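Written out below as structure tokens is the structure these notes cover.
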């Protein structure tokens with residue numbers, strides 16, 4: 053299913069869990085980003101507050117003592133190198149440099165006492181720093 057509002061040239065970059073299309077081998081290995089029910093509800097609250105938002109932008113940047121940190125923001129526009137996933141009705145945009153690293157990540161939203169935070173379950177993470185702000189992956193993904 054192609055999300056509404058995408059130009060035909062962008063439609064080829066849309067990946068769907070239920071697609072039966074014959075995809076190149078490199079794309080077959082990519083697992084979509086998923087959201088837990090609580091994360092989906094929280095993200096939708098943010099998206100409803102910004103009616104011009106396209107969806108959730110999810111990626112990584114080099115930083116911290118372990119090398120990588122997650123970048124999460126509201127997507128105002130789609131870049132040519134973005135892949136788009138439908139995660140339980142929420143459009144998730146991931147740039148091609150981040151895609152290998154966040155491939156298969158489940159995003160959750162957890163409340164702990166007075167605190168609340170997004171929690172990332174990424175099968176590619178090999179270790180995290182003590183402060184929890186950054187993580188390490190296998191070198192083949194870097």
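Residue numbers (the working numbering): 53 to 194.
Just so you know, even glycine gets a beta-carbon here, dropped at the ideal spot from N, CA and C.
Note that this is a predicted model, so its numbers are computed, not measured.
Residue i - DSSP class collapsed to helix/strand/coil
i           : result
residue 108 : strand
residue 134 : strand
residue 99  : helix
residue 128 : coil
residue 87  : strand
residue 148 : helix
residue 93  : helix
Span separating the alpha-carbon of residue i from that of residue j
i           : j           : result
residue 178 : residue 158 : 16 Å
residue 142 : residue 182 : 31 Å
residue 153 : residue 187 : 11 Å
residue 108 : residue 166 : 25 Å
residue 92  : residue 99  : 10 Å
residue 111 : residue 144 : 10 Å
residue 104 : residue 146 : 18 Å
residue 148 : residue 135 : 7 Å
residue 164 : residue 97  : 19 Å
Inter-residue CB distance, residue i and residue j (contact presumed, cutoff 8 Å)
i           : j           : result
residue 155 : residue 133 : With a Cβ gap of about 15 Å, residue 155 and residue 133 do not count as contacting.
residue 106 : residue 130 : 6 Å
residue 162 : residue 171 : 5 Å
Nearest neighbour of residue i, chosen from the options [CA to CA]
i           : options            : result
residue 113 : 125, 106, 105, 102 : 125
residue 128 : 150, 148, 115, 101 : 101
residue 94  : 168, 104, 137      : 168
residue 160 : 115, 104, 190, 139 : 139
residue 115 : 90, 185, 104       : 185
Checklist entry - Does the stretch 86 to 94 come within contact of the stretch 119 to 128, defined as at least 3 CB pairs closer than 8 Å? => result no
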